[in-house]
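Here the structure is laid out as C-alpha cells; the discussion comes afterwards.
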C-alpha cells in the first residue's frame, strides 16, 4: 500500500510546483503573489502582480485612473507635479513623492519596495525600466495618447484593483460624456483655431498628435497647426509669420510652469504686441484658457470633461 501513497504525494508536489510557476516573489522578498502577463505600450509583455499591493506611479493620469477604480490603498509613490486636480491631491496627501515625470528618483522608487511601477512611454521611463528589472521590480509602461487608451487603461486597472464593476461604471460615464460632446459638435462649423502651449521660456503650437489637438480634431475643429503637411510632432515652436498668414479666429491657451494661473497676463501681452495684434482671435477677443489639469496631457478619467469643455468653447454652451 506504500506505493500508491508515494505516487499521490508526488502528484500533489507536482501541483504545488506548477502552482508556484504562476506566482512571483515581491521585491521585499517575503510575499508570493499571483501574476498575470500584459503587453505594455512598447509592445513588450510584462509579468505583473494580479492584484498589486504596493504601486508607484510616475505620472498623474495613470495615478488618477488607478485611484478612480478603488486602487488608492495600494499607492505608495506618486509623481512630483503641479498638474494634479485638487480632488486627487487630497486623496494622495501624505504619499511619498518620487520625482518629476521626466526625472524620477530611482533610489527613492526602489526604497519604497513596490511590487509594481507604472510609467509612460518617454525616454527616461524606458531607461528606468532597465534599473528596475535588475532589482526584480515589474515596470509597466502605459502610454496615454488617446481616448481609446483611457478606456483600455480603466478596464485593466479595474482588474488589478479587483473593482471591475467600478471600472465598468467609469468607462460608461466617460463614453456618455464623450458622446455628448460629439453630439454637440455635429453639423456645426468650427472656427480656425490655434492651440498654444505657453511657458516663460517658450511658446509652442499643439498639433493633432497632441492630446489637446486630438480632442479638437475629434470635435471637428480646424487646427491651423494641422493645415501644413510639413509640420510633424505633437508640439512645434510658433512662427508668427505662419500664424498671421493662417489668421486663427480663436486661440486656446494652456499655461505651463510659472505662467500657470496667469492667463490674463498672457492675453494682455498679446494685445500689446504688434504682431499678435494682427491676428483675428486677438482683435476680436476670442482667446480662451484651457486648464492644464485637463489639457496639458491626457487627464485620465476626466477625458470626457475635457471634450465637453472644448466643445463648449468651439460651439458655445448648449442651452
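In UniProt numbering, the protein residues as written are 1 to 319.
Don't be surprised by glycine CBs; every beta carbon is placed ideally from N, CA and C.
>> Helix, strand or coil for residue 37? Go by DSSP, reduced to three states.
In response: Taking the first residue of the chain shown as position 1, residue 37 is located at position 37. In the structure shown, residue 37 sits in a strand (DSSP, three-state: E or B).
> Roughly how many angstroms separate the alpha carbons of residue 219 and residue 249, rounded to a whole number?
Replying inline: The residue labelled residue 219 in the question sits at position 219 within the chain shown. The residue labelled residue 249 in the question sits at position 249 within the chain shown. Approximately 16 angstroms, taken between the alpha carbons.
>> Give the list of continuous beta strand (DSSP E) stretches no shorter than 3 residues that lie fully inside the segment 105 to 140.
In response: 116 to 119
>> Please list the terminal residues of the continuous beta strand (DSSP E) segment that includes residue 270.
In response: Counting from 1 along the chain shown, the entry for residue 270 is found at position 270. Premise fails: residue 270 lies in the alpha helix (DSSP H), 263 to 272, not in any beta strand (DSSP E).
>> If contact is defined by three or more beta carbon pairs under 8 angstroms, each pair taking one atom from either stretch, is the segment 107 to 125 in contact with the segment 53 to 63?
In response: yes
> Starting from residue 192 and walking both ways along the beta strand (DSSP E), at which residues does that stretch end?
Replying inline: Translated into positions along the chain shown, residue 192 becomes position 192. Start and end: 192 to 198.
> Straight-line CA distance for residue 141 to residue 315?
Replying inline: Here residue 141 refers to the residue found at position 141 when the chain shown is read from its first residue. Here residue 315 refers to the residue found at position 315 when the chain shown is read from its first residue. For residue 141 and residue 315, the distance between alpha carbons rounds to 36 angstroms.
> In three-state terms, what does DSSP make of residue 289?
Replying inline: Taking the chain shown and counting its residues from 1, one reaches residue 289 at position 289. Strand at residue 289.
>> If I measure Cβ to Cβ from residue 208 and keep anything under 8 angstroms in the same chain, skipping five residues before and after, which residues do I get?
In response: Residue 208 sits at position 208 when you count from the first residue of the chain shown. Closer than 8 angstroms at the Cβ level, and outside the excluded window around residue 208, lie 214, 216, 217, 223, 225, 226.
> Counting Cβ pairs closer than 8 angstroms, one from the segment 131 to 141 and one from the segment 176 to 183, do we hit at least three?
Replying inline: no
> With a CB to CB cut of under 6 angstroms and the five nearest residues on each side skipped, what residues in its chain are close to residue 57?
Replying inline: What you label residue 57 is simply residue 57 of the chain shown in a count that begins at 1. Once the five neighbours on either side are set aside, the close Cβ partners of residue 57 are 63, 78, 118.
> Who are the Cβ neighbours of residue 132 in its own chain at under 7 angstroms, not counting the five residues just before and after it?
Replying inline: Numbered from 1 along the chain shown, position 132 holds the residue referred to as residue 132. Counting only Cβ-Cβ distances below 7 angstroms, and skipping sequence neighbours, we find 117, 139.
> Grouping DSSP H, G and I as helix and E and B as strand, with all else coil, what is residue 213?
Replying inline: Your numbering for residue 213 matches position 213 in the chain shown. Looking at residue 213 - three-state DSSP - the assignment turns out to be helix.
>> So for residue 142, helix, strand or coil by DSSP?
In response: Here residue 142 refers to the residue found at position 142 when the chain shown is read from its first residue. Residue 142: coil per DSSP, three-state reduction.
>> For residue 187, count the other beta carbons within 10 Å of its own beta carbon; 16 or more makes it buried, fewer makes it exposed. Which is it?
In response: Mapped onto the chain shown, residue 187 falls at position 187. When all chains shown are included, residue 187 counts as exposed.
> What separation, rounded to the nearest whole angstrom, lies between the Cα atoms of residue 11 and residue 307?
Replying inline: Along the chain shown, read from residue 1 onward, the residue named residue 11 stands at position 11. Along the chain shown, read from residue 1 onward, the residue named residue 307 stands at position 307. Note that residue 11 scores a pLDDT of 43, beneath 50, so its modelled location is shaky; the value from the coordinates is reported in the next line. Those two C-alpha atoms are separated by around 58 angstroms.
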